[in-house]
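Spelled out as structure tokens, the structure:
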């Protein structure tokens, strides 16, 4: 599946309601056109950042609450695109993971090209108890490994969540770090270790 | 800018940085409640400094610039119509953004000042857009002008109308753009500002669709940023949030940014404006 199918659903829903459209023009389309007119590329942030993929388009169209069936189809699509490590080992080095979790750098127009992209995890999550400066857009991950167990299953769950949070929760506020190529395989393994390794401060 | 003024600003800044570090030191021992304590302490230090806000220096410089003949036409801005009639500055800020028939556009205060600089004084839009945001070593005229104009609305309530269809349309566009997710991280403004009581690290995130939070956030700009040693406007604030959103850059004074400011202003309606703010 099926970008085409999804795009058709988007197009078809608008076709299905021509009379509604005649009265109230589609404001989101108009806003999109306004943005395209007004924005300029800067640094690494090109205008292609304004192109929505199917997940963004569906979440935008349905105010982050898409119909169940559509959500299921797209989630399956995202799940299928997750690349798990070929060697089957998902647990890296928690120390490297902690450094990565601390960094919020990368992908803004003021980051010079080649800036190492950080994980941004502390921007949104509590992790190690020693770090008091943590955000709350996401749930606390303190003691995550201790509570959920460092099993093959949880390792796969956490790897998948970091790679693509939208695979299990289509309109999640968490970015798709692996899917968009912001973080690579080794980095994601290190973050899995930060969250699940019994030696990691997160689980002490 | 006369060097005495710069020195005065420097010394105010040093005082403030010292106050800020005391705040941080004081907050450290209270581990359990560190965040609340820090936030309270920052509030206290803001109050403490309210009488000593370097924004006043920008206000003075802006007032001078306002009255000075400038541009190819060598006229002042004193005949500029900010929405209440030519020459009326008092109370104009809290009634913007608004639809201006002569421009055929909804404009925020900064856009309107730029419009007057072009139509009255003969500056080109290109000149104005070339370097709109100042830095520690470069003081932008626009930031001073905006600071002067907004300070003439001190003590008045934000009172922005959507009676004109163009104003309603700008509000609607702003609301749409606020929710629009795109870019590398699928972020919209609403990702960070769409819920109550959230934070990024220790920075509190206002829930900008909520009148109370929007009111507090809206009257917080323009602001003197101690960490940047610079006066910042709402146009700058939104530009910088698009940067954090990993979007490309909105052109200076573009309709998209004005639409967002319209959305925020209407949500903030009724809040009393206290003049230029001061921030860490």
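Chains as they are written, first to last, in the working numbering: chain A, 865 to 1068; chain B, 1437 to 1716.
By construction, the Cβ of each residue, glycine as well, lies at the ideal position given by its N, Cα and C atoms.
As the structure is a prediction and not an experimental result, all values here were calculated from the model.
### Task
Tell me whether the beta-carbon of residue 1705(B) lies closer than 7 Å to the beta-carbon of residue 1549(B).
As a first step, residue 1705(B) is located in the second chain; it is residue number 269 there, counting from the start. As a first step, residue 1549(B) is located in the second chain; it is residue number 113 there, counting from the start. Contact: no.
### Query
Which whole-angstrom value is the C-beta distance of residue 1635(B) and residue 1641(B), which I expect to be below 8 Å?
Within the second chain, numbered from 1, the residue matching residue 1635(B) stands at position 199. Within the second chain, numbered from 1, the residue matching residue 1641(B) stands at position 205. Going by Cβ atoms, the distance from residue 1635(B) to residue 1641(B) rounds to 6 Å, so yes, they are a contact pair.
### Message
Suppose only complete runs of 4+ residues qualify. What are the alpha helix (DSSP H) ranges in the segment 1565-1620 of chain B, listed by chain order?
### Response
1577-1587, 1601-1615
### Message
Please report the distance separating the alpha-carbon of residue 954(A) from that of residue 1049(A).
### Response
Counting from one through the first chain, the residue named residue 954(A) turns up at place 90. Counting from one through the first chain, the residue named residue 1049(A) turns up at place 185. Rounded to the nearest angstrom, the two C-alpha atoms are 9 Å apart.
### Task
Figure out for me which residue from 1607(B), 1647(B), 1617(B) has the closest Cα to the Cα of residue 1696(B).
Along the second chain, read from residue 1 onward, the residue named residue 1696(B) stands at position 260. Among 1607(B), 1647(B), 1617(B), the Cα nearest to that of residue 1696(B) belongs to 1607(B).
### Inter-stretch contact (C-beta, 8 Å, three-pair minimum) for the segment 912-920 of chain A and the segment 1008-1020 of chain A
no
### Message
Judging by CA-CA distance, which residue of 1546(B), 1559(B), 1652(B), 1715(B) is the nearest neighbour of residue 1707(B)?
### Response
Your numbering for residue 1707(B) matches position 271 in the second chain. Nearest option by C-alpha distance: 1652(B).
### Task
Would you list, in sequence order, the uninterrupted alpha helix (DSSP H) runs of no fewer than 4 residues that lie entirely inside the segment 1653-1697 of chain B?
1670-1680
### Proximal residues, the segment 1587-1605 of chain B versus chain A, C-beta separation under 7 Å
none
### Task
Could you tell me the distance, in whole angstroms, from the CA atom of residue 1042(A) to the CA atom of residue 922(A)?
To locate residue 1042(A), count along the first chain from 1; it is residue 178. To locate residue 922(A), count along the first chain from 1; it is residue 58. Approximately 20 Å, taken between the alpha carbons.
#### Entry: Test: residue 886(A) CB closer than 7 Å to a CB of chain B
For the purposes of this step, residue 886(A) is taken as the residue at position 22 of the first chain. Any reading at residue 886(A) must be qualified, since the residue scores a pLDDT of 44, below 50, and its modelled position is unreliable; the value itself is stated next. No - not a single Cβ of chain B is within 7 Å of the one on residue 886(A).
### Task
Within 10 angstroms of the Cβ of residue 1562(B), are there 16 or more other Cβ atoms? Answer buried if so, exposed if not.
Position 126 of the second chain holds residue 1562(B). Per the 10 Å Cβ criterion, exposed.
### Message
If contacts are defined as beta-carbon pairs under 8 Å, then residue 942(A) and residue 1031(A) qualify, I think. What distance do you get, rounded to the angstrom?
### Response
What you label residue 942(A) is simply residue 78 of the first chain in a count that begins at 1. What you label residue 1031(A) is simply residue 167 of the first chain in a count that begins at 1. The pair is a contact, with the Cβ atoms about 4 Å apart (cut-off 8 Å).
### Task
Thinking residue 1556(B) and residue 1515(B) are a contact (beta carbons under 8 Å), I'd like their distance in whole angstroms, please.
Counting from one through the second chain, the residue named residue 1556(B) turns up at place 120. Counting from one through the second chain, the residue named residue 1515(B) turns up at place 79. Contact holds; Cβ gap of about 6 Å.
### Query
Under three-state DSSP, which class holds residue 1563(B)?
Translated into positions along the second chain, residue 1563(B) becomes position 127. Residue state, collapsed to three classes: helix.
### Task
Spell out whether any CB of chain A is found under 7 Å from the CB atom of residue 1636(B).
Taking the first residue of the second chain as 1, we reach residue 1636(B) at position 200. Yes, residue 1636(B) lies at the interface with chain A (some Cβ there is under 7 Å from its Cβ).
### Query
Taking Cβ positions only, does residue 899(A) come closer than 7 Å to chain B?
Mapped onto the first chain, residue 899(A) falls at position 35. Interface residue, yes.
### Query
If you draw a straight line from the alpha carbon of residue 1054(A) to that of residue 965(A), how long is it in whole angstroms?
Counting from 1 along the first chain, the entry for residue 1054(A) is found at position 190. Counting from 1 along the first chain, the entry for residue 965(A) is found at position 101. Each residue's Cα considered, the two are about 10 Å apart.
### Query
Taking only beta-carbon atoms, is residue 1461(B) less than 7 Å away from chain A?
Position 25 of the second chain, counted from the first residue, corresponds to residue 1461(B). Reliability fails at residue 1461(B), whose pLDDT of 37 lies under 50, so the model's placement of it is uncertain and no value is given.
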